[in-house]
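Take a look at the structure set out below.
There are 2 protein chains.
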Amino acid sequence: MANSKINIVDTTLRDGSHAVSHSFTAEQAAAVAAGLDKAGIELIEISHGDGIAGSSINYGFSKVSELDLIEAAGKVVKKAKLGVLLLPGIGTIEDLKEARERGANAVRVATHVTEADIAVQHIAWAKQAGMFTVGFLMMTHMASPETIVEQAKIFVDAGADYINLADSSGYMVPKDVRARIGALKAAISIPVGFHSHNNLGLAVANSLAAVEEGASYIDVTCRGLGAGAGNTQGEVFCAVMERLGYETGVHCYELMDLAENVVEPIMLRPQVIRTDSLMLGYAGVYSSFLLHTRKAAEKYGIAPRDILVELGKRRMVGGQEDMIVDVAYQLSQKK
Amino acid sequence: MANSKINIVDTTLRDGSHAVSHSFTAEQAAAVAAGLDKAGIELIEISHGDGIAGSSINYGFSKVSELDLIEAAGKVVKKAKLGVLLLPGIGTIEDLKEARERGANAVRVATHVTEADIAVQHIAWAKQAGMFTVGFLMMTHMASPETIVEQAKIFVDAGADYINLADSSGYMVPKDVRARIGALKAAISIPVGFHSHNNLGLAVANSLAAVEEGASYIDVTCRGLGAGAGNTQGEVFCAVMERLGYETGVHCYELMDLAENVVEPIMLRPQVIRTDSLMLGYAGVYSSFLLHTRKAAEKYGIAPRDILVELGKRRMVGGQEDMIVDVAYQLSQKK
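Just so you know, the sequences run in chain order A and Y.
Heads up, the first sequence is in the numbering used here, so the first residue is 295 and it goes up one at a time.
Heads up, the second sequence is in the numbering used here, so the first residue is 295 and it goes up one at a time.
This is how it looks when you write it as structure tokens:
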């Protein structure tokens, strides 16, 4: 059963930032990062939820500058890599330089699943700067395994250390994950990772399916804290890995204690699956659409979920939020 | 993809009873049952968490007699079967007669996975009384597929309408479910069902695996309300079924609205996976062990999870709660 080591990547301090409205303090970041490091996490990701420089009117302002959070975490992390997320178009190479100066030694450069080419220069810069560098494809449910392989190869050629696929909407079922991870493992020689969301209650199972197909980096968060319905719950996933005989290097009990004693008290609300996040996963759209959708639904007197399903059908992606009002108007006319 | 109909069995008013400390009122039972019936649920289960006559000092007293709850539900349910759970040894045929007189027309008779024979007379009585009758094996992670087939055949011979397998501790991963459901489907000709718990975050995935192996009755609860980490979240599972093209006869949106507007306000706490319930699933022990374990841990100054893991190793089953103190004492001596 056991095969090569499964590296656990914790993104509580990045994807979890969405779920606390970007309100992490330096003390909280240090406490969480120290606990993750002690528990044996391979890579600790810390940034605004939308990556470095995400703090803005568009994506929500951070309470504390992420550079200060990175520095606070960097002071306590001894073994783990300390990474940031960078979305080209939101963050820049200049932002990455600053993050590196403040203590980050890893970066994951993320693009929409069909836009890997916009990340080539960022990956190349990070590599020459000596950072551990990951190519990260988002919304991978929207592309075929063939397209994903094609796009991932752009990251490989740019010098990435591994490729991470994200089910950003929590849309996939295990067979969708198997098809994508399996195709990618067969096509490239660098490691492959996976990032789940729990909108359909399948985050742990999809992460397990990814491992079974050869993925060796798995994204988790403590208590599942994250956007929408949250992420793969780290302390749960590590227990499943341990049961099945996979080596993660993570001390499960320490991760459980961190989740319960440090992260849970920080959370603004329990990470459960309510109708809104279930519908995001069902429709396959970004969680950032939700607020706009609710407003448009109210304006035109229709149900938010009807708008979300229509957005999914039209394959709307991040940045097209202005179309939500149009969709709502059209749906209201049909009624 | 689509095959024969998947019948959704909702046990919010039975397994969910554990999670609200058996505090359901007649008004709540009627509101939930009416909503489930309207949404197209096949069978609505309503009883004390430990089955009819479970209300006791051992298992916790019900706020309102389950017979009154059954009657309240029976008055509003128009299409669904209305069922009770009966654990021989806790409930009797006399109790079942009363439940039938008050409105139940279905019963699931549940035993430990190796003790099907103690249910033969109850199943036979229910069948001759014209009830829809289910043979229900609990703690099926503790037995091999071969043993499960052997035990299930006792229920089949007694006249059961279908056989339900329960992962009572939330211990299984999808391949465990596939092995058991697959073996049972191959061996018997009546339908097979599955009941999940979410202790390892796998309830929805395990239910999906069961369906893929041919199970056609799946237990769910609104919001996952249930013992330990809760059950398969019904509104989420139905959305997954709909996405994959399975016919359930359930209106997903109505089930979502019921969960959000009626069940969530009744809940005492969110149904999340905390350390205690994670450890129950990891160790493979009953959630009823938890209270005793916490007390024994405090008495002997050891961690509850160390006791739970040892109980799992010793394959302790319900009714052996008195052994918990012995285990705690022995562990404290080893320290």
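Note that CB positions come from ideal geometry on N, CA and C, so glycine has one too.
Item	Value
For Asn399 of chain A, write down the residues that DSSP places opposite it in a beta bridge.	Asn399 of chain A is not bridged to any residue.
Measure from the C-beta of Leu494 of chain A to each C-beta in chain Y and report whether the shortest distance is under 7 Å.	yes
Pick from Y:Gly613, Y:Gln614, Y:Pro598, Y:Asp616: whose alpha carbon is nearest that of Leu625 of chain Y?	Y:Pro598
Of the residues Y:Glu558, Y:Lys628, Y:Leu496, which one's Cα is nearest the Cα of Tyr594 of chain Y?	Y:Lys628
Leaving out five residues before and five after Asp389 of chain A in sequence, what residues of the same chain have Cβ atoms less than 8 Å from its Cβ?	Ile346, Ala347, Leu380
Look at the Cβ atom of Val486 of chain A, then the Cβ atom of Leu478 of chain A, and state whether they are nearer than 7 Å.	yes
Rounded to whole angstroms, how far is the Cβ of Arg474 of chain A from the Cβ of Leu494 of chain A, which I believe are closer than 8 Å?	Between Leu494 of chain A and Arg474 of chain A the Cβ distance is about 16 Å, and since that is not below 8 Å, they are no contact.
Drop a sphere of 10 angstroms on the beta-carbon of Arg563 of chain Y, count the other beta-carbons inside from all chains shown, and report buried for 16 or more, exposed for fewer.	exposed
Rounded to whole angstroms, what is the Cα-Cα separation between Ile364 of chain Y and Asp304 of chain Y?	14 Å
Is Thr305 of chain A close to chain Y, meaning its C-beta is less than 7 Å from at least one C-beta of that chain?	no
So with Cβ pairs under 7 Å, would you call Arg609 of chain A a contact of chain Y?	no
Can the beta-carbon of Ala523 of chain A be found less than 7 Å from the beta-carbon of Gly606 of chain A?	no
So what does DSSP say about Leu585 of chain A, is it helix, strand or coil?	helix
Taking Ala460 of chain Y as part of the beta strand (DSSP E), name the residues at either end of that continuous run.	456-460
Contact between the region 532-544 of chain A and the region 495-512 of chain A is defined here as three or more beta-carbon pairs at a separation below 8 Å; is this criterion met?	yes
Have a look at the DSSP bridge pairing and note the partners of Pro382 of chain A.	A:Gly385
Using a Cβ cut-off of 7 Å (strictly closer), state whether Tyr576 of chain A contacts chain Y.	yes
Would a C-beta distance cut-off of 7 Å place Thr427 of chain A and Ile417 of chain A closer than the cut-off?	yes
Would you report the Cα separation of Ile340 of chain Y and Ser581 of chain A, rounded to the nearest angstrom?	36 Å
Give the secondary structure of Leu363 of chain Y by DSSP, where H, G and I count as helix, E and B as strand, and everything else as coil.	helix
Under three-state DSSP, which class holds Asp344 of chain A?	coil
Give, in chain order, every residue of the region 558-570 of chain A whose Cβ lies closer than 7 Å to some Cβ of chain Y.	Pro564, Gln565, Val566, Ile567, Arg568, Thr569
Just grab the DSSP bridge partners of Val603 of chain A for me.	None, per the DSSP bridge assignment.
Does any residue of chain Y bring its CB to less than 7 Å from the CB of Leu572 of chain A?	yes
Between the Cα of Arg588 of chain A and the Cα atoms of A:His312, A:Gly578, A:Ser571, which residue gives the shortest distance?	A:Ser571
Does the Cβ-Cβ distance between Lys357 of chain Y and Ser311 of chain Y come in under 7 Å?	no
The beta strand (DSSP E) with Gly429 of chain A in it runs from where to where?	426-432
Which of helix, strand or coil does DSSP assign to Thr306 of chain Y?	strand
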